[in-house]
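Asker: Could you have a look at this structure, given as structure tokens, before my questions?
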Amino acid sequence: MARTAGSTFHTHTVFFHKEKIGAINWGLVAGKTQTYFPWGSPVNATTPLVWFHDIFNATGVPYSPYENVSTIPAGTVIAADIQSLHLNSELWDPIELDMFYRGRFANKRHPLAWIPFGAGPRNCVGMRFALMEMKLALVRFLKIYSIIDCGEQTPSQYNDKTSKSLLKISFSNDDIQYELDKYIQLKNQYQLTGIVLHWKRLNGVQKLVETMLEYENLFSNIIIWNNNPMQHLTFQDLLIENNNRTEIVNSNVNIKDEAKYRACQLAKTNACFYVDDDWDIRMYVRSLYSHFLLEPTILHAITDQFTYFTNLMWTFFDESINLHTGFSWIGCGSVFSRDNAVRHLKYMNFFLNNYKNRDLISQSDQFFSIWMNQIPAQFNGRLLQSNEGVESSFENYDFELLQYRASVMSIQTLEKSLRSYFNFNLFQRKRASNTLVTYTKSPCSYNDKFIFFTNCLPIDNLEQIPFNIATDFKRGTRANLPNMRKSAYRENFTFFQEFNTANAVDNDNKTCWKMNRSLRYGDLYGIDFQTIQADRNLAFSIEYLHRKSLQKKLQISISLDSQTWIQLPKKPQSGIIYKKQKKLVIFRTQSFPDGFQVFRFIKFMSLIDDESSFHICEIRLIN
């Protein structure tokens, strides 16, 4: 039950939307409970009430259904003994009825084999409402309290240090193996093809291809799309030998952005990694891919701090039409599914392949993330760019005008289609369920082995910012940048430049991440170690500048999949060492209680409102 609660509701203060209610599947548990304790157990329509098995003839023998029952007084109601139905082995599985069998309520039964409510399913109008109330009560209860097994001890004898009691609220070996198997399955399903575009920076392409070939366990294939019709690119030009992992496509025309999606369409894998030919990907490619596997339906990308903040400003929400989208540049490094690339090519053909808009196909990136109708998963990080000074394939006189037109048209087209009856199902309407992927985050900039994340975005209450297409159609253009004098977010941006999340993972404790507001209940920060740390020997440290008393009061939770979380026991808190002379806390998972030593994610959440704020200066792996 705790697994279901954690994956459906992240905090007990969350609003209960119908989509999340529908995600709960506790009928199997509730059904078994009501087998023994049906609510209003007899099925009846009027009074007086007489139990069927209590109606006897003069000799004390129960009436048979085939006997003449006319001697029963007028007005007597024949009521079914519900518990006898619920415990009838002929109606249910042969597995012992006093045992909880998960599949018992998953199979189709006779419609009257289970009647937990007073007047039956046809008369009890409150049945579904009551079931929903019960599920929500369980969710709320399990998000606030932990259920533990005291064994044979009475409550007064129970001691927090009893290790056996912790096992019922921890991750079992079966839980761990299940998530490990699921991760392997996802990696096999979404193997990666590296996509590189060549224009005139041959040296940059050579370095990228060399790097991708070195990441043999990450890139199954590599496609180099040559957009320069004046040069026929060969393996010899790339300084590599002909191999079955690498393919070169020489285009007879420069199709600019469109080439990225054409190349991904050619991929033999279900996922593509794209990067421009002037970036060093070694410090974030693993983070991007591991993050993509958490939510393969959306775009995952990395940019610098200015671009990240700008992308946040270029987001659009309108709950009335299921609009929830945002822009992201993909050139510094991005991972997306082949399905999304193929769908994007179809969108471009449908909306842009006409006399009026054909020149915008070259600006495909302006449409890609917006038309997904999903908030992109965006990293901000320390990026290394090549100094090879070569003109871009986009440098022409009308570039900025084309970009502006594409930016405006992308959101206008999506908004109009979501309102339209004819194009109702053209774009995705259901939002991706994993909220963690939309947090502010940064990869470790010196080894790419973990990710720092927080739900405290540099723009507060982003989803509550109103959007009106009639007045806000320029929101996603260069007329709306954070460093402009009249920008509403100029101060927020200046603060984020100095105290961004990349500062917490740059191997420099003189640079720090800090929130730009005071602390609220539910604010959190955390670490994603990219894969489940199954060796039970993880060690890391957090250097902070907020109060030590605040750090010690944070609720610590761990997760295998980012959706189901369990709280680390407060006592005993072995494996956590707070240094006395400085604000440094060290974690050694081999000393954590049994059942809490293996995880992928760890988060630290405030349970109070506070005038201070989180202030993290460095997170490091030890050894």
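No gaps in the numbering here: position 264 of the sequence shown is 1294 in my numbering, and each next residue is one more. Cβ atoms here follow ideal geometry from the backbone N, Cα and C, with glycine treated the same way. The model shown is predicted, which means the values in this text are computed figures rather than measured ones.
Tell me whether R1388 sits in a helix, a strand or coil according to DSSP, three-state version.
Answerer: By 1-based counting over the sequence shown, the position of residue 1388 is 358. Correct three-state label for R1388: helix.
Asker: According to DSSP, is N1654 part of a helix, a strand, or is it coil?
Answerer: Coverage of the chain is limited to positions 1031 through 1653, which leaves residue 1654 absent and any answer about it impossible.
Asker: Is it buried or exposed for D1639, if we count other Cβ within 10 angstroms and need 16 for buried?
Answerer: Residue mapping note: residue 1639 aligns to position 609 of the sequence shown, counting from 1. It counts as exposed.
Asker: Let me know if H1645 comes out buried or exposed under the rule of 16 or more other beta-carbons within 10 Å of its beta-carbon.
Answerer: Numbered from 1 along the sequence shown, position 615 holds the residue referred to as residue 1645. The residue in question, H1645, is buried, as its Cβ has 16 or more Cβ neighbours within 10 Å.
Asker: Which ranges would you report for the beta strand (DSSP E) in the segment 1246-1285 if only whole runs of at least 3 residues count?
Answerer: 1249-1256, 1276-1280, all fully within the segment 1246-1285.
Asker: As a quick exercise: from C1474, I1400, T1531, pick the residue whose alpha carbon is nearest that of T1484.
Answerer: Translated into the one-based positions of the sequence shown, residue 1484 becomes position 454. For the residues C1474, I1400, T1531, the minimum Cα distance to T1484 belongs to T1531.
Asker: Output yes or no for whether 9 Å exceeds the beta carbon distance between I1253 and L1222.
Answerer: Against the sequence shown, residue 1253 aligns to sequence position 223. Against the sequence shown, residue 1222 aligns to sequence position 192. In this structure, L1222 does not lie closer than 9 Å to I1253 by Cβ.
Asker: Can you tell me whether DSSP reads Y1608 as helix, strand or coil?
Answerer: Taking the first residue of the sequence shown as position 1, residue 1608 is located at position 578. Strand.
Asker: Tell me where the alpha helix (DSSP H) around S1202 begins and ends.
Answerer: Within the sequence shown, the letter at position 172 stands for residue 1202. Counting along the chain, S1202 falls outside any alpha helix (DSSP H), and DSSP gives it neither H nor E.
Asker: Would the segment 1402-1418 count as touching the segment 1324-1338 if we require 3 or more Cβ pairs under 8 Å?
Answerer: They touch, by the three-pair rule.
Asker: For Y1434 and K1386, I'd like the C-alpha separation in whole angstroms.
Answerer: Numbered from its first residue, the sequence shown carries residue 1434 at position 404. Numbered from its first residue, the sequence shown carries residue 1386 at position 356. Cα-Cα distance, rounded: 15 Å.
Asker: Can you name the start and end residues of the beta strand (DSSP E) that T1333 belongs to?
Answerer: To locate residue 1333, count along the sequence shown from 1; it is residue 303. It spans 1330-1333 - the beta strand (DSSP E) in which T1333 sits, taken as one unbroken run.
Asker: Can you check which of these residues, K1583, E1648, H1374, is closest to N1403 by C-alpha distance?
Answerer: As a first step, residue 1403 is located in the sequence shown; it is residue number 373 there, counting from the start. Here the closest residue by C-alpha is H1374.
Asker: Report the CB separation of F1629 from S1604 in whole angstroms; it is logged as a contact under 8 Å.
Answerer: The residue given as residue 1629 occupies position 599 in the sequence shown. The residue given as residue 1604 occupies position 574 in the sequence shown. The Cβ separation is near 16 Å, so there is no contact.
Asker: Grouping DSSP H, G and I as helix and E and B as strand, with all else coil, what is T1223?
Answerer: In the sequence shown, residue 1223 corresponds to position 193, counting from 1. Correct three-state label for T1223: strand.
Asker: Using a Cβ-Cβ cutoff of less than 8 Å, which residues in the same chain neighbour N1539 once the five nearest sequence positions on both sides are dropped?
Answerer: Along the sequence shown, read from residue 1 onward, the residue named residue 1539 stands at position 509. Counting only Cβ-Cβ distances below 8 Å, and skipping sequence neighbours, we find E1573, C1647, E1648.
Asker: Can you tell me which of the three DSSP states R1292 falls into?
Answerer: Along the sequence shown, one-based indexing puts residue 1292 at 262. Looking at R1292 - three-state DSSP - the assignment turns out to be helix.
Asker: Taking only three categories from DSSP, how would you classify N1300?
Answerer: Here residue 1300 refers to the residue found at position 270 when the sequence shown is read from its first residue. In this structure, N1300 counts as coil in the three-state DSSP scheme.
Asker: To the nearest angstrom, report how far apart L1448 and F1397 are at their CA atoms.
Answerer: The residue you call residue 1448 lines up with position 418 of the sequence shown. The residue you call residue 1397 lines up with position 367 of the sequence shown. If you take the alpha carbons of L1448 and F1397, they lie about 15 Å apart.
Asker: Going by DSSP, what residue range makes up the beta strand (DSSP E) through S1585?
Answerer: Residue numbering aside, residue 1585 sits at position 555 when the sequence shown is read from its first letter. The sequence shown places Gln at residue 1585, rather than the Ser named in the question. Taken as a continuous stretch (DSSP letters only), the beta strand (DSSP E) holding Q1585 covers 1585-1589.
Asker: Pick out whichever of R1547, F1526, Y1555, R1550 has its Cα sitting closest to the Cα of T1541.
Answerer: In the sequence shown, residue 1541 corresponds to position 511, counting from 1. Ranking the options by Cα distance to T1541, first place goes to F1526.
Asker: Just to confirm, are R1508 and A1569 a CB contact at a threshold of 9 Å?
Answerer: Stepping through the sequence shown from its first residue, residue 1508 is reached at position 478. Stepping through the sequence shown from its first residue, residue 1569 is reached at position 539. Cβ atoms of R1508 and A1569: not closer than 9 Å.
Asker: Count the other CB atoms within 10 Å of the CB of V1365; is the residue buried (16 or more) or exposed (fewer)?
Answerer: Here residue 1365 is taken as the residue at index 335 of the sequence shown, counted from 1. Buried: at least 16 other Cβ atoms inside 10 Å.
Asker: Considering only residues of the same chain and omitting the five flanking positions on each side of Q1458, which have a CB-CB separation below 6 Å?
Answerer: Walking along the sequence shown from the start, residue 1458 turns up at place 428. Answer for Q1458: N1403, listed in chain order.
Asker: Classify D1558 as helix, strand or coil using the three-state DSSP reduction.
Answerer: If you number the sequence shown from 1, residue 1558 lands on position 528. The answer is strand: DSSP assigns D1558 an E or B state.
Asker: Counting beta carbon pairs with one atom in the segment 1332-1340 and one in the segment 1261-1268, are three or more of them shorter than 8 Å?
Answerer: These segments do not touch.
Asker: Quick one: using the 10 Å Cβ neighbour count with 16 as the cut-off for buried, is A1518 buried or exposed?
Answerer: Looking up residue 1518 in the sequence shown gives position 488. So A1518 ends up on the exposed side.
Asker: Pull up the distance between the alpha-carbon of L1168 and that of N1300, whole angstroms please.
Answerer: Along the sequence shown, one-based indexing puts residue 1168 at 138. Along the sequence shown, one-based indexing puts residue 1300 at 270. Distance between the alpha carbons of L1168 and N1300: 38 Å.
Asker: I need the DSSP call for I1652, collapsed to helix, strand or coil.
Answerer: What you label residue 1652 is simply residue 622 of the sequence shown in a count that begins at 1. Coil, per DSSP.
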